[in-house]
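Numbering (this note's numbering), first residue to last: -5 to 86. Beta carbons are placed, not taken as given, at the ideal position from N, Cα and C, and that holds for glycine. Single-structure report; data block below.
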Amino acid sequence: MADELDLAAQILEKADKGLAESDTTARIHNMLTSGRMLKSTTGDWDDEITRLAKQCRSLADKMRQTHTNYTTQEHRTAQEFQAILASLEGDA
(Lines of atoms letter the chains of each structure in order from A and count residues from 1; the text may use other names and numbers.)
(Lines give C-alpha, C1' and ligand atoms only; values in the text may rest on other atoms or scores of the structure.)
Protein backbone atom coordinates (compact mmCIF):
# COMPACT_ATOMS: atom_id res chain seq x y z
CA MET A 1 0.00 0.00 0.00
CA ALA A 2 2.87 2.38 0.75
CA ASP A 3 4.21 1.88 -2.77
CA GLU A 4 0.76 2.65 -4.17
CA LEU A 5 0.65 5.89 -2.18
CA ASP A 6 4.07 6.86 -3.55
CA LEU A 7 2.79 6.12 -7.05
CA ALA A 8 -0.28 8.27 -6.41
CA ALA A 9 2.01 11.11 -5.29
CA GLN A 10 4.06 10.78 -8.49
CA ILE A 11 0.91 10.90 -10.63
CA LEU A 12 -0.31 13.96 -8.75
CA GLU A 13 3.03 15.71 -9.20
CA LYS A 14 2.87 15.05 -12.95
CA ALA A 15 -0.71 16.30 -13.07
CA ASP A 16 0.49 19.49 -11.41
CA LYS A 17 2.79 20.12 -14.37
CA GLY A 18 -0.25 19.91 -16.64
CA LEU A 19 -1.42 23.26 -15.33
CA ALA A 20 1.23 25.11 -17.35
CA GLU A 21 -1.11 25.77 -20.27
CA SER A 22 -3.77 27.16 -17.96
CA ASP A 23 -1.18 29.34 -16.24
CA THR A 24 -0.03 30.67 -19.62
CA THR A 25 -3.59 31.39 -20.69
CA ALA A 26 -4.29 33.14 -17.40
CA ARG A 27 -1.20 35.34 -17.83
CA ILE A 28 -2.16 36.24 -21.40
CA HIS A 29 -5.66 37.21 -20.32
CA ASN A 30 -4.78 38.75 -16.96
CA MET A 31 -6.73 41.93 -17.76
CA LEU A 32 -9.94 39.94 -18.16
CA THR A 33 -12.01 38.70 -15.25
CA SER A 34 -11.92 35.20 -16.74
CA GLY A 35 -8.10 35.32 -16.85
CA ARG A 36 -7.90 36.34 -13.19
CA MET A 37 -10.43 33.67 -12.25
CA LEU A 38 -8.47 31.05 -14.19
CA LYS A 39 -5.28 32.11 -12.42
CA SER A 40 -7.02 31.83 -9.05
CA THR A 41 -8.46 28.44 -9.92
CA THR A 42 -5.18 27.00 -11.18
CA GLY A 43 -3.43 28.40 -8.10
CA ASP A 44 -5.94 26.70 -5.82
CA TRP A 45 -5.70 23.49 -7.83
CA ASP A 46 -1.90 23.59 -7.67
CA ASP A 47 -2.01 24.04 -3.91
CA GLU A 48 -4.41 21.12 -3.47
CA ILE A 49 -2.44 18.79 -5.74
CA THR A 50 0.77 19.65 -3.90
CA ARG A 51 -0.91 19.14 -0.52
CA LEU A 52 -2.41 15.81 -1.55
CA ALA A 53 0.90 14.55 -2.99
CA LYS A 54 2.69 15.45 0.25
CA GLN A 55 -0.03 13.74 2.27
CA CYS A 56 0.30 10.58 0.16
CA ARG A 57 4.07 10.53 0.71
CA SER A 58 3.63 11.15 4.43
CA LEU A 59 1.13 8.31 4.76
CA ALA A 60 3.44 6.01 2.79
CA ASP A 61 6.32 6.85 5.15
CA LYS A 62 4.11 6.23 8.19
CA MET A 63 2.96 2.88 6.80
CA ARG A 64 6.55 1.80 6.24
CA GLN A 65 7.51 2.88 9.75
CA THR A 66 4.53 1.01 11.22
CA HIS A 67 5.57 -2.11 9.29
CA THR A 68 9.09 -1.79 10.67
CA ASN A 69 7.76 -1.31 14.21
CA TYR A 70 5.51 -4.37 13.99
CA THR A 71 8.29 -6.50 12.51
CA THR A 72 10.72 -5.41 15.22
CA GLN A 73 8.18 -6.10 17.97
CA GLU A 74 7.30 -9.52 16.54
CA HIS A 75 10.99 -10.40 16.51
CA ARG A 76 11.43 -9.27 20.13
CA THR A 77 8.33 -11.21 21.22
CA ALA A 78 9.58 -14.36 19.49
CA GLN A 79 12.95 -14.00 21.24
CA GLU A 80 11.25 -13.54 24.60
CA PHE A 81 9.12 -16.66 24.06
CA GLN A 82 12.20 -18.62 23.09
CA ALA A 83 13.94 -17.43 26.26
CA ILE A 84 10.93 -18.43 28.36
CA LEU A 85 10.80 -21.86 26.73
CA ALA A 86 14.53 -22.31 27.23
CA SER A 87 14.27 -21.39 30.90
CA LEU A 88 11.33 -23.78 31.37
CA GLU A 89 13.28 -26.59 29.72
CA GLY A 90 16.20 -25.76 31.99
CA ASP A 91 13.93 -26.06 35.08
CA ALA A 92 12.65 -29.46 34.00
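For Glu(-2), the closest alpha carbon among the candidates Asn24, Met31, Ser52 and Thr36 is that of Ser52. DSSP assignment within the stretch 17 to 46 yields no whole alpha helix (DSSP H) run of 4 residues or more. Between Ala47 and Glu7 the beta-carbon gap is near 5 Å, inside 8 Å, which marks them as a contact. Within the model, the alpha-carbon separation for Gln73 versus Ala54 is close to 29 Å.
Boundaries of the alpha helix (DSSP H) harbouring Leu(-1): Ala(-4) to Lys11, taken from the DSSP string. The alpha-carbon separation between Arg58 and Thr27 amounts to approximately 47 Å. Contact check for Leu13 and Asp40: beta-carbon distance about 6 Å, within the 8 Å limit, so the pair qualifies.
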